[in-house]
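J.: Structure provided below as structure tokens; questions to follow.
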């Protein structure tokens, strides 16, 4: 493909990704996985869920499977995923109680300068914080999570 055509197609795509009002997108995508708009808007962009995998991918590793997962998502679930979903609300309540904070649900945030990037944290804290909840399946039987994290190998 000639460079001029590629650049034109790139500009066209980026202009389509720009959002007139980020607040509207965020509001209309609350509920995240239960929101059709959340799934649609997220499918158009590189989500923070994939940042590390994309940034750390070796040049020698074919990208076709990763691109397919980013663009089309996946419909499978694992015991670890089910465990995380089942325990997310418990973790949220414990966090709120321990830190005495108010958290707010949120939807998808589209980067204003790079509209091909997006993120959807689990909750917002105050005016400048976010909460991303992780319930590791590998720690499901642990009674001391801090000790578990200190001894866990990468």
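In the UniProt record's numbering, the protein residues as written are 1 to 154. Note that beta-carbon positions come from the ideal geometry of N, C-alpha and C, so glycine has one too. Since the model is a prediction, treat every value here as computed from it, not as a measurement.
1. Quick check on this structure: which residue in 150, 28, 61 and 95 has the alpha carbon closest to the alpha carbon of residue 120?
2. Three-state secondary structure (DSSP) at residue 143?
3. When you compare the CB positions of residue 79 and residue 134, do they come within less than 9 Å of one another, or not?
4. Rounding to the nearest angstrom, what Cα-Cα distance links residue 58 and residue 71 in this structure?
5. For residue 75, does the three-state DSSP call read helix, strand or coil?
6. CB residue 124 to CB residue 45, shorter than 9 Å?
7. Once DSSP output is grouped into helix, strand and coil, what is the label at residue 19?
8. To which residues of the same chain is residue 122 closer than 6 Å at the C-beta, ignoring the five residues directly before and after it?
9. Which word fits residue 109, buried or exposed, when buried means at least 16 other C-beta atoms lie within 10 angstroms of its C-beta?
10. Using the Cβ count rule (16 or more neighbours within 10 Å means buried), how would you classify residue 147?
11. Let me make sure I understand the geometry here. Which of 43, 84 and 56 has the alpha-carbon closest to that of residue 69?
12. What span of residues does the beta strand (DSSP E) with residue 55 cover, start to end?
13. With a cut-off of 8 Å on the beta carbons, I'd call residue 30 and residue 106 a contact; round off their distance for me.
14. I'd like to confirm the pairing. Which residues does DSSP put opposite residue 119 in its beta bridges?
15. Return helix, strand or coil for residue 39, following the three-state DSSP convention.
T.: In short:
1. 28
2. coil
3. no
4. 20 Å
5. coil
6. no
7. coil
8. 131, 132 and 133
9. buried
10. exposed
11. 43
12. No beta strand (DSSP E) contains residue 55, which is instead part of the alpha helix (DSSP H) from 51-56.
13. 6 Å
14. 109
15. helix
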